[in-house]
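Position in the sequence shown counted from 1, then plus 104, gives you this note's numbering.
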Amino acid sequence: MKVLITGGAGFIGSHLADELLAAGHQVVVIDNYQTGRRDNNTPNAGLKVVEGTIADAALVNKAFDEFKPEKVVHAAASYKDPENWEEDAMSNVLGTINILRASKKHNVSRFVYFQTSLCYGLKPLEQPITLNHPLFSGKSPGGSSYAISKTGAEQYIELSGLNFISFRLANAYGPRNLSGPLPTFFQRLTTNKACFVMDTRRDFIYVKDLTACVMKALSGKGMRGYYHISTGSDYSIKQLFDATIKALGIKLEKDVEVRPRGVDDVFTILIDPSKTKADFDWEAKTPLEDGIKNAIEWYKKFGITQTFTHLKNLEEKH
Ligand SMILES: NC(=O)c1ccc[n+]([C@@H]2O[C@H](COP(=O)([O-])OP(=O)(O)OC[C@H]3O[C@@H](n4cnc5c(N)ncnc54)[C@H](O)[C@@H]3O)[C@@H](O)[C@H]2O)c1
């Protein structure tokens with residue numbers, strides 16, 4: 105297979121590139137290194153990396169014309185500055201449109217997208233959230249430039265008529281993950297900074313479980329439309345923290361402070377994976393402790409120079 109991966113130097117995209125290359129497929133990555141890392145892609149005869157933004161239609165068209173991909177994984181997304189709506193709209197909306205137009209021109213037979221569960225808004229109306237849950241609206245607002253632009257992009261993907269699968273994801277974690285609570289805990293704990301956790305729960309999906317499902321989608325499994333990738337179980341942020349200190353071999357003098365959640369914070373976000381389990385014959389297998397151990401090993405070996413968030417104030421959230 106020839107697979108073009110946007111955002112292929114990022115966390116999820118680079119794991120997919122590795123798996124496709126290991127299986128003998130050819131991969132082209134387009135990435136502008138906003139939040140991706142060069143060392144996430146290991147040189148390989150089957151890999152070509154194009155540095156640039158998907159907002160540049162000429163660059164996108166050239167990459168497609170030269171490589172002629174059969175399948176596309178659209179993992180690029182902008183989110184690191186919540187006030188930079190222009191960048192989010194350029195990358196997430198216009199960039200997606202450029203990738204869609206080129207995919208249509210080249211008759212791409214499968215188009216995979218990764219959607220944030222923020223598409224259901226900050227106050228989901230049910231737990232676990234099913235695929236019937238409405239997209240964000242007045243009752244459950246999107247609340248961020250990231251959620252708005254990612255959801256606009258998802259609508260264009262449906263409009264394109266392409267054979268798409270939009271995977272709406274739980275919180276992904278694992279080696280190379282630089283957003284969310286885990287890299288923040290690692291950074292603070294290894295630099296002797298105090299930590300606290302919020303009294304909330306989240307559904308955490310290990311990256312290799314996630315990519316196992318995407319590989320099935322690329323080999324033709326699944327129907328055009330929407331799926332969740334999640335475990336369907338939630339863990340408290342404190343459990344995540346405790347597993348992190350265990351993996352680091354740290355013993356704290358007293359238990360981490362658990363702070364009550366803010367009025368706007370959701371107690372739990374659980375994503376129902378039942379349709380994915382049935383259609384892909386798939387389920388998440390990695391125990392949280394094992395996944396965290398692997399992530400910590402990567403942080404220790406490669407180091408974290410920067411962490412990223414789409415949240416306005418990370419300190420308030422975890
Ligand atoms: N990690 C999660 O928990 C999670 C949850 C829901 C959805 N997603 C989605 O999954 C996808 C991958 O996320 P990730 O966690 O790997 O994040 P990531 O930041 O590691 O990867 C995104 C990649 O896109 C690149 N990029 C950004 N703007 C670009 C542009 N204009 N042109 C080319 N490349 C660009 C970045 O440099 C980065 O390498 C994203 O679309 C994200 O919205 C992730």
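Cβ coordinates follow ideal geometry from the N, Cα and C atoms, glycine included.
Same chain, Cβ closer than 6 Å to residue i, neighbours up to 5 away in sequence not counted
i	result
K227	S244
N165	A206
F115	R280 and N281
S340	R305
T157	N136
Y183	Y250 and H414
Y224	I233 and H237
F290	Y403
Y310	G278, T390 and G395
Classification of residue i by the beta-carbon crowding that lies within 10 angstroms, buried from 16 upward
i	result
K358	exposed
K175	buried
N281	buried
L322	buried
P285	buried
Q59	Because the chain in this structure spans residues 105 to 422, residue 59 falls outside the shown range and cannot be described.
A127	exposed
A388	buried
K254	buried
S334	buried
A162	exposed
E419	Confidence is the limiting factor: at E419 the pLDDT is only 42, short of 50, which leaves the residue's position unreliable and the question unanswerable from this model.
H422	Low confidence applies here, because H422 scores a pLDDT of 33, under 50, leaving its location unreliable; read the following figure in that light. Result: buried.
P423	Lying outside 105 to 422, the shown extent of the chain, residue 423 is not represented and no answer is given.
P391	exposed
D385	exposed
V367	exposed
I354	exposed
In DSSP terms, what residue i is bridged to
i	result
D135	E155
Q130	K106
T372	R305
I269	V216 and G329
F412	S283
Delimiting residues of the alpha helix (DSSP H) encompassing residue i
i	result
E361	From DSSP, E361 is part of no alpha helix (DSSP H) but of the beta strand (DSSP E) over E361 to R363.
G117	F115 to A126
K320	V311 to L322
F289	P285 to T294
F384	S378 to F384
F406	L392 to F406
F345	I341 to L352
Q259	S249 to L263
Extent of the continuous beta strand (DSSP E) to which residue i belongs
i	result
N275	N275 to Y277
I109	K106 to T110
V164	It is not in any beta strand (DSSP E) - V164 instead sits in the alpha helix (DSSP H) that spans A161 to F171.
G329	G329 to I333
7 Å CB neighbourhood of residue i in its chain, flanking five on each side removed
i	result
S283	T411, F412 and T413
R125	First, the residue type needs correcting, since residue 125 is Leu and not Arg in the sequence shown. Excluding residues within five positions, the ones whose Cβ falls inside 7 Å are V131, N148, G150 and L151.
G111	G117, D135, G140, A179, A180 and A181
E230	H237
V212	P173, E174, K175, V176 and L266
F345	F289, C299, V301 and V360
Same chain only: Cβ atoms within 8 Å of residue i, ignoring 5 sequence neighbours per side
i	result
A113	V133, D135, Y137, G140, R141, R142, N144, N145 and V153
E393	A347, K350 and A351
V370	L226, K227, P228 and T304
Minimum Cβ-Cβ distance from residue i to chain B less than 8 Å
i	result
I349	Going by chain labels, chain B is absent from the structure shown, which holds only one protein chain.
Near ligand 2: residue i beta-carbon under 7 Å from a heavy atom
i	result
G407	Summarising the ligand content, the structure contains ligand 1 and does not contain ligand 2.
Just to confirm the assignment: which complete alpha helix (DSSP H) runs, minimum length 4, are found wholly within the segment 174-233? List check, alpha helix (DSSP H) in window: 189-192 and 199-209.
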